[in-house]
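One structure is given below, encoded as structure tokens.
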Amino acid sequence: MSKEFDLGALLAERGGERYELHGKYLNHQLPRMLHTIGFDKVYERAEGAHFWDADGNDYLDMLAGFGVMGLGRHHPVVRKALHDVLDAQLADLTRFDCQPLPGLLAERLLAHSPHLDRVFFGNSGTESVETALKFARFATGRPRVLYCEHAFHGLTTGSLSVNGEAGFRDGFAPLLPDTAVPLGDLDALARELRKGDVAALIVEPIQGKGVHEAPPGYLRAAQELLHRHKALLIADEVQTGLGRTGDFYAYQHEEGVEPDLVCVAKALSGGYVPVGATLGKDWIFKKVYSSMDRVLVHSASFGANAQAMAAGLAVLSVMENDQIVANSRAVGERLKSRLAGLTDTYELLADVRGRGLMIGIEFGRPSSLKLRSRWTMLQAARKGLFAQMVVVPLLQRHRILTQVSGDHLEVIKLIPPLIVDEADVDRFVDAFTDVMDDAHSGGGLMWDFGKTLIKQAVANR
Ligand SMILES: Cc1ncc(COP(=O)(O)O)c(C=O)c1O
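Per the numbering used here, the sequence shown starts with residue 270, numbered consecutively.
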């Protein structure tokens with residue numbers, strides 16, 4: 270008789286092999302990178318915006334699992350909804366019936382964008398983008414999608430075709446015949462639209478890479494141009510949506526913006542269950558699903574599964590009851606203004622930007638001779654090393670997890686869970702101040718670590 274599966278026993282017995290197992294069977298570069306920068310921690314427990322290692326040390330999470338943990342880890346209401354949905358033993362995914370949860374979640378989600386009518390549920394951010402790309406092409410009958418330089422919309426082949434970075438695209442050709450335009454450049458957009466073959470423009474209202482915001486008025490003007498040319502506006506809110514930027518959707522910051530399709534994922538299930546949603550106008554869905562024969566023309570085996578739907582309903586309920594969007598706006602403003610106040614003190618600190626709890630901290634060329642020579646040395650080896658030099662002591666010395674916002678960028682991006690409070694934000698700013706003091710003192714461990722990074726960058730060429 271086979272032994273009964275025991276998850277706890279398995280983890281107790283083999284959990285210690287995590288890094289070796291990953292190196293042997295998964296992407297071997299991940300443990301390699303984590304060992305190199307000393308991020309190879311063993312976290313044992315997590316709650317809200319914090320996790321703990323085996324010695325009981327508390328870490329502050331300013332990354333939220335790339336934004337999926339919008340409500341922090343193990344939110345009790347979402348957990349309960351998941352226990353409840355498992356205990357309910359629903360006849361889920363029969364595929365030839367209509368379950369109540371997808372309709373209920375669609376209804377609740379659409380209440381936040383009243384100009385949209387229908388939802389397609391998939392399983393990830395990239396799938397929500399693929400859906401929008403397909404729907405835009407089909408609805409307009411045109412082949413080409415415009416995207417912004419430096420855009421990130423996911424890494425499957427369709428979303429890679431609208432990715433604005435060569436580093437992600439190189440070697441994966443042929444991709445789709447899509448075209449990049451600079452974010453904010455209405456003339457470039459108009460030029461492409463005049464060719465008459467454009468289905469849509471896909472845009473992140475605030476780009477994840479580098480935390481660059483569309484200039485004021487751009488989305489509204491782009492929408493008008495697109496509609497004049499019978500093309501669609503797709504807002505990718507996979508990262509910026511669900512309260513991240515201090516509005517429910519980032520496009521709502523600007524009056525009169527009503528995208529034809531909106532992509533949502535990440536935080537929708539509270540980080541528990543993979544989920545994606547593409548929201549759109551009725552006529553687009555009616556065109557794609559134009560006859561009974563076409564009922565499965567775009568579908569996903571796991572789409573709208575009960576766990577994802579229950580988690581999504583719980584998340585939206587918590588967001589309303591606990592005023593999560595307002596918290597993101599208020600705490601985000603405190604974080605941004607405290608950080609912006611440091612730009613006069615630290616010559617290496619060039620800019621603080623973003624909205625709500627999506628903040629970019631950019632470093633730049635210092636003015637004093639002593640720091641400038643060190644900065645130039647780092648830049649010559651590889652762009653982005655200084656930001657890495659800041660991220661590492663933030664974790665090692667202050668137990669705060671952050672990330673560099675994209676390859677070759679001197680920008681740190683902060684996207685903490687939206688439930689962080691003033692104490693969390695103050696802890697971050699105090700730690701950041703300490704690291705900046707160290708960097709500006711010009712000596713010490715930090716610049717020694719910089720030399721190690723330079724050696725590695727040169728060796729990796
Ligand atoms: C704006 C945006 N779109 C799409 C994606 C892709 O989402 P996923 O990783 O769930 O496929 C991401 C992921 O970071 C994103 O930030």
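Backbone N, C-alpha and C fix where the C-beta goes; we use that ideal spot for every residue, glycine too.
Next item on the list: Just list the alpha helix (DSSP H) runs in the region 677–715, keeping only unbroken ones of 4 residues or longer that don't cross its boundaries, in chain order.
Entry: Runs found: 691–710.
Next item on the list: Starting from the Cα of leucine 415, find the closest Cα among Ala360, Ala504 and Arg489 and give me that residue.
Entry: Taking the sequence shown and counting its residues from 1, the one referred to as residue 415 is at position 146. The shortest C-alpha separation from leucine 415 is found at Ala504.
Notebook entry, point to check: Is the CB-CB distance between leucine 340 and isoleucine 688 below 8 Å?
Noted result: By one-based count along the sequence shown, residue 340 stands at place 71. By one-based count along the sequence shown, residue 688 stands at place 419. Cβ distance < 8 Å, so leucine 340 and isoleucine 688 count as in contact.
Next item on the list: Determine the direct distance from the alpha carbon of glycine 719 to that of histidine 384, and round the result to whole angstroms.
Entry: In the sequence shown, counting from the first residue as 1, residue 384 sits at position 115. In the sequence shown, counting from the first residue as 1, residue 719 sits at position 450. Roughly 51 Å separates the two Cα atoms.
Checklist line | Length of the line joining the Cα atoms of alanine 375 and leucine 722 | finding: By one-based count along the sequence shown, residue 375 stands at place 106. By one-based count along the sequence shown, residue 722 stands at place 453. Rounded to the nearest angstrom, the two C-alpha atoms are 48 Å apart.
Note to self: Is alanine 656 close to ligand 1? I mean its beta-carbon at under 7 Å from any heavy atom of the ligand.
What the structure shows: Sequence index remark: in the sequence shown, residue 656 carries index 387 (1-based). Every heavy atom of ligand 1 is 7 Å or more from the Cβ of alanine 656, so no.
Checklist line | Where methionine 627 sits in the DSSP three-state scheme | finding: Taking the first residue of the sequence shown as 1, we reach residue 627 at position 358. When secondary structure is reduced to three states using DSSP, methionine 627 falls in the strand class.
Checklist line | Exposure of arginine 513, with buried meaning 16 or more beta-carbon neighbours within 10 Å | finding: Residue mapping note: residue 513 aligns to position 244 of the sequence shown, counting from 1. Arginine 513 should be labelled buried.
Notebook entry, point to check: With distances taken from CA atoms, which of Glu506, Arg489, Leu488 and Pro484 is nearest glycine 477?
Noted result: Position 208 of the sequence shown, counting from 1, holds the residue named residue 477. Answer by Cα proximity: Glu506.
Notebook entry, point to check: For cysteine 532, is the classification buried or exposed, using 16 other Cβ atoms within 10 angstroms of its Cβ as the cut-off for buried?
Noted result: Position 263 of the sequence shown, counted from the first residue, corresponds to residue 532. Answer is buried; the Cβ neighbour count reaches 16.
Check: From this set, Ser393, Thr395, Gly394 and Phe404, which residue's C-alpha is nearest arginine 387's C-alpha?
Finding: Start at 1 with the first residue of the sequence shown, and residue 387 comes out as number 118. Nearest of Ser393, Thr395, Gly394 and Phe404 to arginine 387, Cα basis: Phe404.
Check: Using the beta-carbon count (16 or more within 10 Å), is valine 592 buried or exposed?
Finding: Here residue 592 is taken as the residue at index 323 of the sequence shown, counted from 1. Residue 592 is actually glutamine in this sequence, not valine. Per the 10 Å Cβ criterion, exposed.
Checklist line | Inter-stretch contact at 8 Å, needing at least 3 Cβ pairs: the region 569–582 / the region 389–398 | finding: yes
Item checked: Nearest-angstrom Cα separation, counted from glutamate 527 out to threonine 409 -> Position 140 of the sequence shown holds residue 409. Position 258 of the sequence shown holds residue 527. Going from the Cα of threonine 409 to the Cα of glutamate 527 covers about 17 Å.
Check: Which whole runs of the alpha helix (DSSP H) in the region 454–508 are 4 residues long or more, in chain order?
Finding: 455–462 and 487–497
Check: Regarding histidine 291 and ligand 1, is the C-beta to nearest heavy atom distance less than 7 Å?
Finding: Counting from 1 along the sequence shown, the entry for residue 291 is found at position 22. It does not: the Cβ of histidine 291 is nowhere closer than 7 Å to a heavy atom of ligand 1.
Check: So which of Pro412, Asp447 and Arg411 has the shortest CA-CA distance to serine 428?
Finding: Here residue 428 refers to the residue found at position 159 when the sequence shown is read from its first residue. Of Pro412, Asp447 and Arg411, the residue nearest in Cα terms is Asp447.
Note to self: If contact is defined by three or more beta carbon pairs under 8 Å, each pair taking one atom from either stretch, is the region 676–696 in contact with the region 313–324?
What the structure shows: yes
Notebook entry, point to check: Pairing CB atoms from the region 324–342 with CB atoms from the region 663–670, are three or more of them under 8 Å?
Noted result: yes
Note to self: So, with DSSP's three-state summary, where would you put leucine 415?
What the structure shows: Position 146 of the sequence shown holds residue 415. Of the three classes helix, strand and coil, the one that applies to leucine 415 here is strand, per DSSP.
Notebook entry, point to check: Are the Cβ atoms of threonine 426 and leucine 444 separated by less than 8 Å?
Noted result: Counted from its first residue, the sequence shown places residue 426 at position 157. Counted from its first residue, the sequence shown places residue 444 at position 175. In this structure, leucine 444 lies closer than 8 Å to threonine 426 by Cβ.
Note to self: Using a Cβ-based criterion (distance less than 7 Å to any ligand heavy atom), does threonine 514 qualify as near ligand 1?
What the structure shows: As a working note, residue 514 is residue 245 in the sequence shown. Incorrect: threonine 514 has no Cβ contact closer than 7 Å to ligand 1.
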